[in-house]
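Residue numbers (full-length UniProt numbering): 1 to 403.
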């Protein structure tokens, strides 16, 4: 258990952070920067197991006292069905877990989760989170199909359960953020890693999402700027090269540096890989660990958007002919029926073609849309490259204006 001499200092640090967070956001204790969409706060830590009573109490106390994070990503949780998420998180968090399966070669350890904090009621609908279980299901199917053509001695080199990961898709008004939290054990066969990297190359469209990889990849002594390894173990060098090739293909960059962690190259095991700039700093550990796994606090900047105010268009007005958008995204039936949904929704290329500005990829052919109240709106691209809805009285709604 944490000693009494350490505890007051630990809690004092958190209480100071809560006060600063409240002052910054003017939204009460634990207010989130999501209110103005300037940034999102993501906490990451390899916690090296949460089963003990001491760690459970320490973690939940720190989780409840703050500072509050929009997302908490943990690796090596070492949890199973006997350990409930509510024993660690308050009711304001929805927890997505992928515990180590019983068929994993290593029976203990591992496990990843992402906890999502529910925003305050006044901004409850401003972002949505979808669990992307399709990543795991599709990778499992690929591995099992490959193993059918292998002899028995080769099949053990492919094991989808050894890639411990969990993915979520966060939809915000101005972008979609894809988060993948990983724990890659040192003994994952290189054939499994190669297959996983090839799968992600095909699966992820980094031009359609902000992409964030976090996690413990166990790839020490690799220079992510130069793409070179000084590790004497050839297997580790080859694994590092596979992930480096994947990141290059997706045009995403490893962001954790020596200055961030204040540690030598060989100790950079926990990675943050993105296709966008963000701020990274060492955070206060929610459970105290050795320096080899420092906790990280990520501040993800988000573009702001504005809507023309000189309009009488009801933002919640429902369209009758939603199919005019010719959008194949499965979520559009829910989210693009209203003008507000059209503004917010950018989950696939067709929606992005409608919404992106100030320079849209294409000019949208003029379309007449009819709402349920029989109001007719003209959707078109202006000569300035803005996508607008115009009423019959010539009042305009600029769909998206980034600044």
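We put the beta carbon where it would ideally sit given N, CA and C, even for glycine.
Buried or exposed for residue 117, going by 16 or more other Cβ atoms inside 10 Å? buried
If I'm right that residue 209 touches residue 234 with Cβ under 8 angstroms, what's the distance once you round it to whole angstroms? Not confirmed; about 34 angstroms, so no contact.
Report the residue from 301, 212, 246 and 256 whose alpha carbon sits nearest the alpha carbon of residue 280. 256
Would you grab the beta carbon distance between residue 43 and residue 69 for me? Rounded to a whole angstrom, and I think it's under 8 angstroms. Indeed they touch by this definition, with Cβ atoms about 4 angstroms apart.
Any chance the segment 67-87 sits against the segment 46-59, with 3 or more Cβ pairs inside 8 angstroms? yes
Please identify the residue among 226, 268, 292 and 260 whose C-alpha is closest to the C-alpha of residue 298. 260
Under the DSSP definition of a beta bridge, which residues are partnered with residue 46? In DSSP, residue 46 forms a bridge with 75.
Please return the same chain residues whose Cβ sits closer than 8 angstroms to the Cβ of residue 108, not counting the five positions on each side in sequence. 78 and 100
For residue 182, write down the residues that DSSP places opposite it in a beta bridge. 165 and 215
Where does residue 474 land, buried or exposed, given buried means 16+ other C-beta within 10 angstroms? Summary: the structure shown does not reach residue 474, with the chain confined to residues 1 through 403, and so no result is reported for it.
Need the endpoints of the beta strand (DSSP E) that residue 410 sits in, please. Coverage of the chain is limited to positions 1 through 403, which leaves residue 410 absent and any answer about it impossible.
Cβ-heavy atom distance, residue 182 to the ligand GTP, below 6 angstroms: Of ligands this structure carries none, so the ligand GTP is not represented either.
On a Cα-Cα basis, can you pick out the residue from 229, 270 and 131 that is closest to residue 46? 270
In the DSSP assignment, find the unbroken beta strand (DSSP E) run with residue 242 in it and report its ends. That residue, residue 242, is in no beta strand (DSSP E); its alpha helix (DSSP H) goes 234-250.
Inter-residue spacing [alpha-carbon to alpha-carbon] between residue 223 and residue 141: Approximately 33 angstroms between the Cα atoms of the pair.
Classification of residue 90 by the beta-carbon crowding that lies within 10 angstroms, buried from 16 upward: exposed
Beta-bridge pairing of residue 53 - partner residues as DSSP gives them: Bridge partners of residue 53: none, in fact.
Going by CA-CA distance only, name the one from 59, 159 and 104 that's closest to residue 194. 159
Going straight from the alpha carbon of residue 186 to that of residue 286, what length do you get? 25 angstroms
Residues near residue 131 in its chain [Cβ-Cβ closer than 7 angstroms; skip 5 each side]: 96 and 168
Since I believe residue 183 is in contact with residue 76 (beta carbons under 8 angstroms), could you give me their beta-carbon distance rounded to a whole number of angstroms? 6 angstroms
Whole-angstrom distance between residue 227 and residue 242, CA atom to CA atom: 10 angstroms
Thinking C-alpha only, which one of 229, 249 and 213 is nearest residue 220? 229
By Cβ distance below 6 angstroms, which residues in the same chain neighbour residue 240 in space, the five residues on each side in sequence not counted? 219, 222 and 229
Hey, out of 164, 114 and 170, whose CA is closest to residue 94's CA? 114
Grab me the residues of residue 138's own chain with a C-beta within less than 8 angstroms of its C-beta, minus the 5 sequence neighbours each way, in chain order. 199 and 203
With a threshold of 16 other CB atoms inside 10 Å of the CB of residue 188, please say whether the residue is buried or exposed. buried
Buried or exposed, going by whether 16 or more other CB atoms sit within 10 Å of the CB of residue 294? buried
Buried or exposed for residue 150, going by 16 or more other Cβ atoms inside 10 Å? exposed
Is it buried or exposed, residue 73, if we count other Cβ atoms within 10 angstroms and call 16 or more buried? buried
Helix, strand or coil for residue 59 per DSSP? helix
Checking 7 angstroms against the spacing of the C-beta atoms, do residue 292 and residue 267 come in under that value? yes
Does DSSP put residue 305 in a helix, a strand or coil? At residue 305 the pLDDT is 41, less than 50, meaning the model places this residue with poor confidence; the figure from the coordinates comes in the next sentence. Strand, per DSSP.
Going by DSSP in three states, residue 88 sits in which element: helix, strand or coil? Coil at residue 88, not helix or strand.
Which residue's Cα is closest to the Cα of residue 40: 88, 161, 206 and 278? 278
For residue 145 and residue 58, the rounded distance between their alpha carbons: 44 angstroms
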